[in-house]
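Chains as they are written, first to last, in the working numbering: chain A, 292 to 620; chain B, 37 to 292; chain C, 4 to 279. The beta carbon of each residue, even a glycine, is placed where N, CA and C say it ideally should be. Computed from a prediction, not measured in an experiment: that's the story for all the values here.
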Amino acid sequence: MAKETLNNIKLGIFISSGLLILIVSLYLVGRNQNFFGSNFYVRCRFSNINGLIAGNNVRFSGIQAGTVNQIQVIDDTTIEVTLLIDKKMKPYIHQNTYATIGNDGLMGNKVINLTPNMVPAPEIVDGGLLYNKKKPYTDEMMETLSNTNNNVEVLSRKLISTVEQINNSHALWSILNDTTIPKNLNVSLSNIKEATVRINDMSAVITDIAKDIRDGKGAAGSLVADEKVANDMKQAVAHINNAAQESEVMVARIDSIVKQVQQDINNGHGTAHALLKDTMLVSRLNNSMSNIEKGTAAFNKDMEALQHNFLTRGYFKKEAKKNKKAMKE
Amino acid sequence: MAVTDTYSPDDSTAENVVIRIAHLRKQFGTRVVLNDFNVDLHKGESLVVLGRSGSGKSVLIKCIIGLLKPDGGDIFVLGKNIADMEHAEMDQLRSRIGFLFQSNALYDSMTIRENLEFPMRHHLRNLSNSEVNDMVMKTLADVGLAHTVDMMPSELSGGMQKRVALARSLILHPEIMLYDEPTTGLDPVTGREISTLITEVQKKYSTSSIIISHDMHCVKMTGDKIAVLIEGKCYALGTYEELERSTDHNVKQFFE
Amino acid sequence: MIIFMQLRVNVTEFCIDFNCMKIPSSLLGFFNEIGAASRFVSRYFQEVVQPRYEVKQFIKQCFLIGYRSLPLIGITGFIMGLVLTMQLRPTLIAYGVVSKLPVMVSLAIVREIGPVISALIFAGKISSSMGAELGSMKVTEQIDAMEVSGTNPFKYLVVTRVLAATLMLPVLSVLSDAIGLYGSYLGVNIRDHTSLSLYFFEVFNTLKFGDVLPAIIKTFFFGFAIGIIGCYKGYNSSKGTEGVGRAANSAVVISSLMVFIIDLITVQITDVLGLN
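This is the structure in structure tokens:
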């Protein structure tokens with residue numbers, strides 16, 4: 292009898308463990324399919340469900356939220372999908388939440404993704420309809436990718452022909468192979484440098500002249516006191532201003548030309564590149580540029596000084612009073 | 037005393053008849069095993085059915101207990117025709133009949149105790165465990181094997197197995213005992229022991245018996261009356277001494 | 004009626020003349036066997052609902068058939084899970100979907116391998132033992148002895164065994180599935196590293212009722228077929244040790260074949276019901 296009892300206990304454990312595993316398995320499977328627990332339904336409509344079937348997962352921002360419950364064809368362009376969603380997710384799903392059909396991995400099952408909308412909206416109700424947002428499907432993506440591939444092919448073919456044309460262009464290669472161009476460029480640059488030096492000299496002369504005028508030397512001093520002379524002077528100053536501005540523009544242009552030339556040289560090949568990569572030449576060019584800048588700055592300073600000069604100061608004050616009067620009237 | 041091709045029941049002793057076999061016919065395919073077999077077993081009597089191997093002796097007693105269905109004739113057991121019996125009624129009748137199988141038919145997956153308890157589980161369900169145990173031990177003691185109660189049948193010798201089988205068929209205190217070749221396969225000494233045991237228990241349990249055998253020693257010891265089965269018929273019926281003196285060649289050959 | 008009698012009489016001969024048609028005796032023997040088996044099955048359904056119920060014997064058979072088969076079926080399930088995982092892995096790596104290993108293994112084990120392998124092992128162990136046990140009981144007149152003792156041997160021997168086989172195989176199959184999936188988990192961990200909870204999360208994320216329930220339901224049919232064929236062969240075995248041997252052997256062969264036939268029918272039904 293004791294043996295029989297022991298056997299019965301063993302049998303009981305055996306059957307119980309089998310049933311327990313079965314029940315737990317069914318519960319876990321059922322939980323994944325939302326068979327247990329409280330749920331609610333929402334609907335969404337698509338024109339193409341791309342192989343979605345009942346039982347596919349529904350994810351809310353990537354979190355497992357429920358399953359596809361039912362798929363119904365409403366008309367020839369509308370398919371209504373009913374989703375069974377865990378009630379716990381209800382507060383987070385709003386009426387304007389987007390539903391899209393996506394893939395669970397590249398080769399995996401279809402899945403419905405619910406994406407929250409940033410615009411505030413009331414909470415979804417049981418049986419409510421969600422927005423849908425068409426997402427590129429894999430086959431569409433593949434189609435696009437195929438078009439892109441075709442375009443790349445066309446482009447590469449054209450690129451090849453362009454390179455061939457460049458290779459076969461005698462004119463281009465004769466320019467690139469011409470050794471005189473860098474020399475000419477070098478000469479032009481040294482001319483620019485000389486011009487700069489001259490401008491510098493000129494500004495020194497102007498300084499001297501201004502000094503003479505301040506000292507009342509020569510005809511200039513007496514002319515400044517005269518109103519006519521003042522007007523002439525005003526015009527002259529405007530011209531000088533213009534000249535200064537134009538020289539600034541010219542300097543900027545020269546600067547850009549230099550930069551472009553430098554870039555060309557850096558990217559260039561052949562004899563021209565070798566010649567222009569001469570570091571001495573570059574430093575000389577830099578010096579010239581700094582001289583131009585210095586000259587211009589000195590010229591501006593001189594002009595400022597001219598305004599405060601006792602010869603011209605009277606004219607400037609007079610002009611200010613005139614302006615004040617006009618304002619009062 | 038040689039008998040009879042035709043059956044003529046002795047009405048004066050009919051109330052003492054526990055088994056009446058009338059015009060019994062049984063065939064397997066085209067082979068007729070029993071053909072118009074007639075015999076009566078009276079209360080307290082021990083009838084030996086003597087016949088050659090394959091003559092249909094075992095078929096006869098299997099027809100009596102209802103294991104085989106006769107093709108013709110009637111078998112009255114304790115006054116009732118078994119052909120008319122329902123399953124439950126047949127079960128009830130079987131509890132009043134003991135059957136000792138030629139191969140003992142002990143359940144080899146059960147202990148001796150479980151073997152003996154087996155017939156009681158159906159027929160004596162109201163008994164308490166101690167009463168069942170008492171009956172088992174007493175019956176085993178009657179065949180001299182009380183010590184084997186918790187052994188398995190495979191642990192016993194052929195003779196012991198036969199005794200246990202006898203104890204099992206006696207445990208319900210049957211009114212009729214059917215023995216199918218009780219000494220076959222046993223050595224002569226053990227065969228004699230079994231024959232003696234059969235006569236002892238017959239007296240003790242007051243049973244009427246039909247014994248199938250071709251062991252003449254057993255036939256002589258156990259049989260009050262002997263029926264000779266030849267060609268499916270009860271060829272001769274009489275006491276051992278009467279048949280021994282028979283001049284009929286077919287009968288005489290058993291006693292030579 | 005006359006034709007039927009003629010059929011019965013001549014069934015053992017080479018062939019019979021049946022309305023000028025020669026019907027081989029093997030074909031008649033086959034139909035005879037089908038008819039006898041059908042009667043056996045219908046008797047089972049009659050007896051299973053009728054009282055008295057052999058509850059004690061049924062529980063004993065559940066223990067012998069179910070509990071005692073667990074180690075064998077458990078080991079087989081474990082090895083199948085492990086081997087399947089290790090065999091599938093290189094192919095899945097080649098296709099770049101090695102992360103789908105739990106998905107594939109769980110579907111294979113739960114839907115097919117678990118139930119079918121358990122049933123085949125069960126057939127080998129139980130059907131043969133039923134055939135041999137009942138066959139030898141028949142030969143040694145134990146079945147007759149039961150009948151004489153007032154016990155319905157069909158109810159006591161056949162009904163309890165078939166019912167136990169029908170109910171125990173699903174339990175064994177579920178346990179075999181669980182052990183097989185654990186074996187598969189270990190198989191994954193031989194090369195990669197995955198936590199048990201993540202692995203089983205993936206498994207249960209894959210499985211659906213349509214995968215689990217038909218697989219469980221078909222094991223009831225497997226169990227019934229294995230039990231009834233084993234008992235039929237044993238209960239109707241011919242006399243002698245050769246008959247017992249033949250009963251055991253044919254019980255295994257036919258019940259194994261029946262497992263596949265039932266599997267085929269089940270897959271068709273589940274396909275029609277849209278559960279595949």
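Look at the stretch 149-206 of chain C and you find these whole runs of alpha helix (DSSP H), each 4 residues long or longer: 163-194. The Cβ atoms of Arg56 (chain B) and Phe135 (chain B) do not sit closer than 8 Å to each other. Scanning C:Leu95, C:Leu123, C:Met149 for the CA closest to the CA of Leu75 (chain C) turns up C:Leu123. Interface with chain A (8 Å Cβ-Cβ cutoff): Leu73 (chain C) is included. Checking the DSSP bridge columns, you'll see His78 (chain B) partnered with B:Val53. Remark: C-beta atoms of Cys65 (chain C) and Met133 (chain C) do not approach each other more closely than 8 Å. Look at the beta carbons and you see the stretch 437-444 of chain A not touching the stretch 355-366 of chain A: under three pairs across the two are nearer than 8 Å. Burial state of Ala141 (chain B) is buried, judged by a 10 Å Cβ sphere holding 16 or more other Cβ atoms.
Under the three-state reduction of DSSP output, Glu371 (chain A) falls in the strand class.
The Cβ atoms of Leu317 (chain A) and Val215 (chain C) sit closer than 8 Å to each other. Residue-level contact by beta carbon holds for Thr143 (chain C) and chain B, with a gap shorter than 8 Å.
Nearest Cα to Thr373 (chain A) within the set A:Leu420, A:Val315, A:Ile312: A:Leu420. Of the residues assessed, Gln145 (chain C) falls on the buried side of the cut-off, its CB having 16 or more other CB atoms within 10 angstroms.
Between Arg249 (chain C) and Phe157 (chain C), the beta carbon gap of about 21 Å keeps them out of contact (Cβ cut-off 8 Å).
The beta carbons of Tyr159 (chain C) and Leu302 (chain A) sit no closer together than 8 Å. Legend: CB atoms of the stretch 105-128 of chain B lying less than 7 Å from CB atoms of chain C belong to residues Asp127. Nearest Cα to Thr269 (chain C) within the set C:Thr154, C:Val119, C:Val247: C:Val119.
For Tyr143 (chain B), the chain C residues whose C-beta falls within less than 7 Å of its own C-beta are Gln145, listed in chain order. Runs of the beta strand (DSSP E) lying entirely within the stretch 314-366 of chain A, each at least 3 residues long, are 330-337, 348-351, 354-366 in chain order.
Taking the C-beta atoms as reference points, Gly87 (chain B) is found nearer than 8 Å to Leu265 (chain B). DSSP places Tyr215 (chain B) in the uninterrupted beta strand (DSSP E) bounded by 212-216. Shown in chain order are the members of the stretch 150-169 of chain B whose Cβ falls below 8 Å from a Cβ of chain C: Phe154, Pro155, Arg157, His158, His159. Between Asp503 (chain A) and Glu485 (chain A), the alpha-carbon positions lie close to 27 Å from each other. Residue range 389-394 is occupied by the beta strand (DSSP E) that includes Thr391 (chain A).
In this structure, Lys62 (chain B) places its C-beta atom within 8 Å of the C-beta atom of Asp107 (chain B). Within 7 Å of the CB of Ala148 (chain C), the CB atoms of chain B belong to Phe137, Ala141, in sequence order along the chain. By the neighbour-count criterion, in which 16 or more other beta carbons inside 10 Å mark a residue as buried, Ala97 (chain C) falls on the exposed side.
For Ser244 (chain B), the pairing in a beta bridge is given by DSSP as B:Ile212. For Asp110 (chain B), the uninterrupted beta strand (DSSP E) segment begins and ends at 108-113. According to the DSSP secondary-structure assignment, His530 (chain A) is paired through a beta bridge with no residue. C-alpha of Val85 (chain B) to C-alpha of Asn155 (chain C): approximately 29 Å in a straight line. Among the residues of the stretch 351-377 of chain A, none has a Cβ less than 7 Å away from any Cβ of chain C.
According to DSSP, residue pairing for Glu136 (chain C) in a beta bridge does not occur.
The secondary-structure analysis by DSSP pairs Asn286 (chain B) with nothing; it has no beta-bridge partner. When Cβ-Cβ separations below 8 Å define contact, Thr163 (chain C) makes no contact with chain B.
By the neighbour-count criterion, in which a residue is buried when 16 or more other Cβ atoms sit within 10 angstroms of its Cβ, His78 (chain B) is buried.
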